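Asks: The numbering used here puts the first residue of the sequence shown at 1068, with every later residue one more than the last.
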Amino acid sequence: MKSFPTGSVFPPLPQGGSVQTDLQREVLKLKKEKDAIILAHNYQCEDIQIVADYVGDSLGLAYKAAAAKNSTIVFCGVHFMAETAKIVNPTRRVLLPDMDAGCSLADSCSAEKLAAIKAAQPNLYVVAYINCSAAVKALSDVIVTSGNASKIVEQVPADRPILFVPDQNLGSWVSSKTGRAMQLWPGNCYAHVQFTPAALLRAKAEHPHAPVVAHPECTEAVRDIADMVCSTELMVDWCKKQTADTLIITTESGMIHRLRREVPHKTFIAAPTDRCSCNDCRFMKMNTLEKVRDCLISGKPEIILDEKIRAAAEIPLQRMLEWSKR
Ligand code: 13P
Ligand code: SF4
1068 MKSFPTGSVF PPLPQGGSVQ TDLQREVLKL KKEKDAIILA HNYQCEDIQI
1118 VADYVGDSLG LAYKAAAAKN STIVFCGVHF MAETAKIVNP TRRVLLPDMD
1168 AGCSLADSCS AEKLAAIKAA QPNLYVVAYI NCSAAVKALS DVIVTSGNAS
1218 KIVEQVPADR PILFVPDQNL GSWVSSKTGR AMQLWPGNCY AHVQFTPAAL
1268 LRAKAEHPHA PVVAHPECTE AVRDIADMVC STELMVDWCK KQTADTLIIT
1318 TESGMIHRLR REVPHKTFIA APTDRCSCND CRFMKMNTLE KVRDCLISGK
1368 PEIILDEKIR AAAEIPLQRM LEWSKR
């Protein structure tokens, strides 16, 4: 009989997370020599997270990128995140260790299609999840991340119909939280939709006292089973506050590295899919520490943006950064 995965178990990590390899030391030396800052998303592999100056979610990374004083930003994440850094801090050189690190959500929404919808419905207020291209941001009214989406949507003028792009799952979650009706773009994250209610219920049966946290990119059926739905950054605070010593984490498995460093006395279960004991985003995992070293040495691959698109994309991004603080 076929047995289904119930999730990988990551026990407490009392003294993990320190620089240990020659390659890590080489990257830290190069970083200094090249006046670079390394920003890394919570889904990056562990040896990149360890050498990064900051590890966080899309919102935290956008603020850090905007404030960066170094001449070079090495952005360890995916393409739309590195583009965002260039949009908000255009005088810095922004390097992405692997230029092919894309995102299924960003790919699902083309600027041409969005422009056509806007032309047909000129009164639409376009709320764009930050997981989209610079060209789509340039056509949007305001940007959101999973960490501030409800707060931002609540500030959209009440008389404007909203089109939410490109994640239908995040959009439906925000709509149910804010009570605001929205047209939803039919995009999704190929990695988060692999979590199913059946897989999550198996993990719960194996760890009956473990609370479940899920990312809002999961389907509604999965979110409904979770005790908490939030961005990757809020997951860290939530896990710290739980009295339970074992927690089920329903998002990309790189998150577990961050959690083990910041909440070292707890056990984390990477929520399984129906096929696997945890869940990696193939785009996030394209960056490796070797590629970080190589991009520091060569100064490539660099994010280059058309200035007209960058300037137009900066408007809704700055609006988000401002509204997010209100
Ligand atoms: P966060 O902003 O919550 O880290 O999410 C980014 C992302 O791409 C999730 O798949
Ligand atoms: Fe995009 Fe999903 Fe990967 Fe996040 S996890 S970068 S939304 S494909």
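Note that beta-carbon positions come from the ideal geometry of N, C-alpha and C, so glycine has one too. Everything numeric in this text was worked out from a predicted model, so none of it was measured.
Does the distance from the CB of residue 1009 to the CB of residue 1211 come in under 8 angstroms?
Replies: This structure gives no information on residue 1009, because the portion of the chain shown stretches from 1068 to 1393.
Asks: Can you give the beta carbon distance from residue 1124 to residue 1299, rounded, assuming they're within the 8 angstroms contact cut?
Replies: 5 angstroms
Asks: On the DSSP bridge list, what partners appear for residue 1296?
Replies: 1281
Asks: For residue 1104, which residues of its own chain have a beta-carbon under 6 angstroms away from its beta-carbon, when the five flanking residues on both sides are left out?
Replies: 1120, 1135, 1137, 1140, listed in sequence order.
Asks: Which residue marks the beginning of the beta strand (DSSP E) containing residue 1250, and which one marks its end?
Replies: 1249 to 1251
Asks: Counting along the chain, where does the alpha helix (DSSP H) carrying residue 1021 start and finish?
Replies: Not covered by the structure: residue 1021. The range shown for the chain is 1068 to 1393.
Asks: Report the residue from 1371, 1181, 1275, 1359 whose alpha carbon sits nearest the alpha carbon of residue 1231.
Replies: 1181
Asks: Less than 8 angstroms between the CB atoms is what I'm expecting for residue 1220 and residue 1241, so what's the real figure, rounded?
Replies: 5 angstroms
Asks: Under 7 angstroms, CB to any heavy atom of ligand 2. Which residues pass, going along the chain?
Replies: Output, sorted by chain position: 1110, 1145, 1170, 1171, 1172, 1173, 1198, 1256, 1257, 1258, 1259, 1284, 1319, 1348, 1350, 1351.
Asks: Could you check which residue in 1146, 1189, 1159 has the C-alpha nearest to that of residue 1101?
Replies: Answer by Cα proximity: 1159.
Asks: Is the beta carbon of residue 1280 closer than 8 angstroms to that of residue 1266?
Replies: no
Asks: Does any residue of chain C have a CB that is nearer than 8 angstroms to the CB of residue 1182?
Replies: Structure shown: chain C not included; a single protein chain is present.
Asks: So, at 6 angstroms on beta carbons, what are the nonlocal neighbours of residue 1075 in its own chain, with the 5 sequence-adjacent residues on each side left out?
Replies: 1337, 1344, 1345
Asks: Give a yes or no on contact between the segment 1167 to 1182 and the segment 1232 to 1239, applying the rule of three or more CB pairs nearer than 8 angstroms.
Replies: yes
Asks: Confirm the yes/no value for this check: CB of residue 1165, any heavy atom of ligand 1, distance under 7 angstroms.
Replies: no
Asks: With DSSP collapsed to three states, give me the class of residue 1313.
Replies: strand
Asks: Going by the C-beta, is residue 1212 closer than 7 angstroms to any heavy atom of ligand 3?
Replies: This structure does not include ligand 3; its bound ligands are ligand 1 and ligand 2.
Asks: Closest by CA to residue 1144, which one among 1133, 1156, 1129, 1157?
Replies: 1129
Asks: If I follow the unbroken alpha helix (DSSP H) through residue 1146, where does it start and stop?
Replies: 1146 to 1155
Asks: Three Cβ pairs or more, each shorter than 8 angstroms: is that satisfied between the segment 1314 to 1321 and the segment 1370 to 1377?
Replies: no
Asks: Relative to the C-alpha of residue 1367, which residue among 1311, 1352, 1096, 1167 is closest?
Replies: 1167
Asks: Under 8 angstroms, do residue 1352 and residue 1164 count as touching if we go by C-beta distance?
Replies: Cβ atoms of residue 1352 and residue 1164: not closer than 8 angstroms.
Asks: In whole angstroms, what is the alpha-carbon distance linking residue 1249 and residue 1238?
Replies: 8 angstroms
Asks: Whole angstroms are fine: how far does the CA of residue 1092 sit from the CA of residue 1116?
Replies: 13 angstroms
Asks: Under 7 angstroms: does the beta carbon of residue 1282 sit that close to some heavy atom of ligand 1?
Replies: For ligand 1, at least one heavy atom lies less than 7 angstroms from the Cβ of residue 1282.
Asks: Where are the alpha helix (DSSP H) runs, 4 residues long or more, that stay fully inside the segment 1208 to 1288, in chain order?
Replies: 1216 to 1220, 1235 to 1245, 1264 to 1273
Asks: For residue 1312, I'd like the list of residues in its chain whose CB is within less than 8 angstroms of its CB, leaving aside the five on either flank, ordered along the chain.
Replies: 1332, 1333, 1334
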